[in-house]
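Okay, so here's the structure we're looking at.
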Amino acid sequence: MPTFYDTHAHLDYPDYEKDFSEVVARARAAGITRMISIGTSLESSVRAVELAEQFPAIYAAVGWHPSEALTAPADLRPALRELARHPKVVAIGETGLDYYRLPSSQKGSAEDDARYKKRQAEIFAQQLEIAAELGLNAILHQRAAFDDTLAQLKPFATQVRGVFHCFGESLERLKEILAIGSFVSYTGIVTFKNGQNIRDAVAATPMDRFMLETDCPYLAPVPYRGQRCEPAFVKEISETVAQVKGCSLDELSAATCRTAHQFFPKLA
Ligand SMILES: [Zn+2]
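Residue 36 in our numbering sits at position 27 of the sequence shown, and the numbers go up by one each step.
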């Protein structure tokens, strides 16, 4: 059976509290042999590390999500540095910028927007610094903030590569990402009826520059769309991606797993 990795899963979320070991067992049965649980705050990062300690197939990324920027400590670096030294912490993230729902869209002022964006940029910079310092790559979340995210990443590009997770941008932007040595990853959206733009991006991405992910519990692929997502569903994602690439599942497995090991050197 071709094996795949889920390179972006939120396994510490309460969605899995009741049946966590079954979720892990179903992933294994579907050939999903590695899962990376992604931190969105220090608490969530600690939980991701704990899961990695309990389950051989689980690894962790530690970071602070931009949407939660206002509750971040002034300086994330000391805590992140310590967490990231763990042997199963394979990346920093998720980090980046998210301008999708600014305070002004919810009765906030222009000053609130400015403060929020500034705070996001500060914690993004801190996380890129730690990634560079520890020789780790970064898992990037951006929404409605592509240009600023790329601009902040660029000065680090010789030290830190990013994976633009849940990629859904234009082919032009894909080129910009690839040009600075960064990567993209694709979720279940690739299977959606209205996901043609994602399939076009997959078709245009070189075989050695992308990875697969679920972003679970979100974005379950067809035929599970709308349900709770879980790592086992990388199987459905891989089938659509292989079709789009016109390659076999074995070829896709070999390419995406090799890319994951290059991008996450601590992944065993
Ligand atoms: Zn995520």
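Yeah, the Cβ is synthetic: ideal placement off N, Cα and C, and Gly gets one too.
Note that the structure is predicted; figures quoted are calculated from it, not measured.
One or two residues paired with residue 13 in a DSSP bridge
Walking along the sequence shown from the start, residue 13 turns up at place 4. 41.
Can you determine whether any heavy atom of ligand 1 sits closer than 7 Å to the C-beta of residue 224, and answer yes or no?
Position 215 of the sequence shown, counting from 1, holds the residue named residue 224. Indeed, a heavy atom of ligand 1 lies less than 7 Å from the Cβ.
Would you give the residue range spanned by the alpha helix (DSSP H) that residue 150 belongs to?
Looking up residue 150 in the sequence shown gives position 141. Where residue 150 is concerned, there is no enclosing alpha helix (DSSP H), although the beta strand (DSSP E) it sits in stretches over 146 to 152.
Buried or exposed (CB count within 10 angstroms, at least 16 for buried), residue 156
Residue numbering aside, residue 156 sits at position 147 when the sequence shown is read from its first letter. Answer is exposed; the Cβ neighbour count stays below 16.
Contact the segment 132 to 152 vs the segment 97 to 109: 3+ CB pairs below 8 Å:
Between the segment 132 to 152 and the segment 97 to 109, the count of Cβ pairs shorter than 8 Å is three or higher; the stretches touch.
Any chance the CB of residue 95 is under 7 Å from a heavy atom of ligand 1?
By 1-based counting over the sequence shown, the position of residue 95 is 86. Not under cutoff, so the answer is no.
Out of 43, 27, 245 and 118, point me to the one whose CA is closest to residue 273's CA.
Against the sequence shown, residue 273 aligns to sequence position 264. Here the closest residue by C-alpha is 43.
What I want to know is whether the C-beta of residue 103 ends up closer than 7 Å to one or more non-hydrogen atoms of ligand 1.
Taking the first residue of the sequence shown as position 1, residue 103 is located at position 94. Taken from the Cβ of residue 103, at least one heavy atom of ligand 1 lies inside 7 Å.
Distance cut-off 7 Å: residue 246 Cβ against heavy atoms of ligand 1:
Position 237 of the sequence shown, counting from 1, holds the residue named residue 246. No, Cβ of residue 246 sits at least 7 Å from all heavy atoms of ligand 1.
As assigned by DSSP and simplified to three states, the class of residue 104
Along the sequence shown, read from residue 1 onward, the residue named residue 104 stands at position 95. Here residue 104 sits in strand by DSSP.
Report yes if the C-beta of residue 47 is less than 7 Å from at least one heavy atom of ligand 1; otherwise report no.
By one-based count along the sequence shown, residue 47 stands at place 38. At least one heavy atom of ligand 1 is nearer than 7 Å to the Cβ of residue 47, so yes.
For residue 68, write down the residues that DSSP places opposite it in a beta bridge.
Locating residue 68 in the sequence shown gives position 59, where the first residue counts as 1. In DSSP, residue 68 forms a bridge with 45.
Which residue spans inside the segment 118 to 189 form an unbroken beta strand (DSSP E) run of at least 3?
Fully enclosed beta strand (DSSP E) runs of 3 or longer: 146 to 152 and 171 to 173.
How far does the beta strand (DSSP E) with residue 219 in it extend, from its first residue to its last?
In the sequence shown, the residue the question calls residue 219 occupies position 210. 219 to 221 is the extent of the beta strand (DSSP E) around residue 219.
How many whole angstroms separate the CB atoms of residue 200 and residue 249, which I take to be in contact at a CB cut-off of 8 Å?
Counting from one through the sequence shown, the residue named residue 200 turns up at place 191. Counting from one through the sequence shown, the residue named residue 249 turns up at place 240. Contact holds; Cβ gap of about 5 Å.
Report the residue from 33, 189 and 82 whose alpha carbon sits nearest the alpha carbon of residue 61.
Sequence index remark: in the sequence shown, residue 61 carries index 52 (1-based). If you compare the alpha carbons of 33, 189 and 82 with that of residue 61, the shortest gap goes to 33.
Assuming residue 189 and residue 166 form a contact by the criterion Cβ under 8 Å, report the distance between their Cβ atoms to the nearest whole angstrom.
Reading the sequence shown from its first residue, position 180 is the one you call residue 189. Reading the sequence shown from its first residue, position 157 is the one you call residue 166. Sure, about 4 Å apart at Cβ, within 8 Å.
Using only alpha-carbon positions, find the residue among 225, 220, 215 and 177 that is nearest to residue 204.
Within the sequence shown, numbered from 1, the residue matching residue 204 stands at position 195. Answer by Cα proximity: 177.
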